[in-house]
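Visitor: Chains A and B, in that order, are what the protein sequence lines are.
The numbering used here numbers the first residue of the first sequence as 1068 and each following residue consecutively.
The numbering used here numbers the first residue of the second sequence as 1068 and each following residue consecutively.
Number of protein chains: 2
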Amino acid sequence: MKIIQNISAELLKADIKPSWQRIKIYEFLLNNNIHPTVDTVYKKLAKEIPTLSKTTVYNTLKLFEEHHLIKNVNIEENEIRYDAQNHIHGHFKCTQCGKIFDFKYNYKDLKYKGLDDFILNQTDVMIKGICKSCKEKNKSN
Amino acid sequence: MKIIQNISAELLKADIKPSWQRIKIYEFLLNNNIHPTVDTVYKKLAKEIPTLSKTTVYNTLKLFEEHHLIKNVNIEENEIRYDAQNHIHGHFKCTQCGKIFDFKYNYKDLKYKGLDDFILNQTDVMIKGICKSCKEKNKSN
DNA sequence: TTTCATAAATGTAATGATTACAAAATTAAA
DNA sequence: TTTAATTTTGTAATCATTACATTTATGAAA
């Protein structure tokens, strides 16, 4: 749980003017590592900020992304999800229950062929499969 | 360049009845490793098959994917792309020119933490950055 | 060949996420 | 306070995808 002042300071450090909406949106992302969609963020915060517009959520999240405060995680086909975690991790999507799991991997050991003289800014490892819980559920049937 | 008979046989092997549309769509994917969108496939083939419907392209590509003949590559935020290559490779997206590059990586060395007892079906490595050509273009400015 | 049943393809309409845009509200500066 | 700039808001437009009903093609049986 980060307090508002810290959040405000982090926004400023990223060259983002800390408006109330921006603070609340960033706070939500920091306190909810659930790779939320725009709609999820909007619905949760609309309770606290009744005047909140979905366009604001879209604009704000895009702004955060451009300032490298959060990452755009391309897990689902049809919607953007965001992730505010700053440690390197991969995403596992269970194709049965739809849940998304974080996992760690040895990213330092990764070697690439074909990307000489390319600038690598963001690496994502995405795995699809069946999660433990679904796997066990399937066994019992 | 695969010939029609081979393509037909491959479809049958995947339990897919080889209709003319399906053959042409699969042929296009095999001969064009460009991670095409549905729209790209549709537009190219509409010239050869004037009656082709975009819905058919959607349905067919989904069918191919369900039968593990092709893969759904989640490179862009807003559209599905497909890949018929069967060797393991990653995708690099240049955030400047938008081009997508394939690259090889040492996938056998990848180790995961947090996915014990999970079934891993498909692993994707996606990198965003600046390609060599754009990097050099930027230098000269 | 004709008939019938099934599968595949087609076209249109609906959905839903995202974006464009202009107006309203807020903030900062003068 | 006045003014300008920034941020937020709401509505309308866009565009990829899907739903669905109709038409067409295919294949087997008579």
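C-beta: ideal position from N, C-alpha, C; glycine also.
Keep in mind that this is a model prediction, so the values were computed, not measured.
Let me confirm a value: residue 1181 of chain B is counted as buried when at least 16 other C-beta atoms fall within 10 Å, else exposed. Which label applies?
Guide: By the neighbour-count rule (16 or more Cβ atoms within 10 Å), residue 1181 of chain B is not buried but exposed.
Visitor: Give the DSSP-derived three-state secondary structure of residue 1185 of chain A in the structure shown.
Guide: Of the three classes helix, strand and coil, the one that applies to residue 1185 of chain A here is coil, per DSSP.
Visitor: So if DSSP puts residue 1229 of chain A in a beta bridge, which residue, or which two residues, is it bridged to?
Guide: Outside the displayed span of chain A (1068 to 1208) sits residue 1229 of chain A, for which this structure offers no information.
Visitor: Which residue or residues does DSSP assign as beta-bridge partners of residue 1197 of chain B?
Guide: Paired residues: A:1186.
Visitor: Is residue 1209 of chain B close to chain A? Criterion is C-beta to C-beta, closer than 8 Å.
Guide: The requested residue 1209 of chain B does not occur in the structure, where chain B is confined to residues 1068 to 1208.
Visitor: Could you work out which residues of chain B lie near residue 1083 of chain A, taking near to mean beta carbons separated by less than 7 Å?
Guide: Near residue 1083 of chain A there are no residues of chain B at all, since even the closest Cβ is about 20 Å away, more than 7 Å.
Visitor: Between the stretch 1105-1123 of chain B and the stretch 1164-1178 of chain B, do at least 3 Cβ pairs fall closer than 8 Å?
Guide: Judged by Cβ distances under 8 Å, the stretch 1105-1123 of chain B makes no contact with the stretch 1164-1178 of chain B, as fewer than three pairs qualify.
Visitor: Does residue 1188 of chain B have its Cβ less than 8 Å from a Cβ in chain A?
Guide: Yes, residue 1188 of chain B counts as interfacial toward chain A.
Visitor: Helix, strand or coil, according to DSSP, for residue 1139 of chain B in the structure here?
Guide: Reduced to three states, the DSSP call for residue 1139 of chain B is strand.
Visitor: I believe residue 1192 of chain A touches residue 1190 of chain B by the beta-carbon criterion, under 8 Å. Please report the beta-carbon distance rounded to the nearest angstrom.
Guide: Correct: roughly 7 Å between the Cβ atoms.
Visitor: Taking Cβ positions only, does residue 1164 of chain A come closer than 8 Å to chain B?
Guide: Cβ-Cβ to chain B under 8 Å: no for residue 1164 of chain A.
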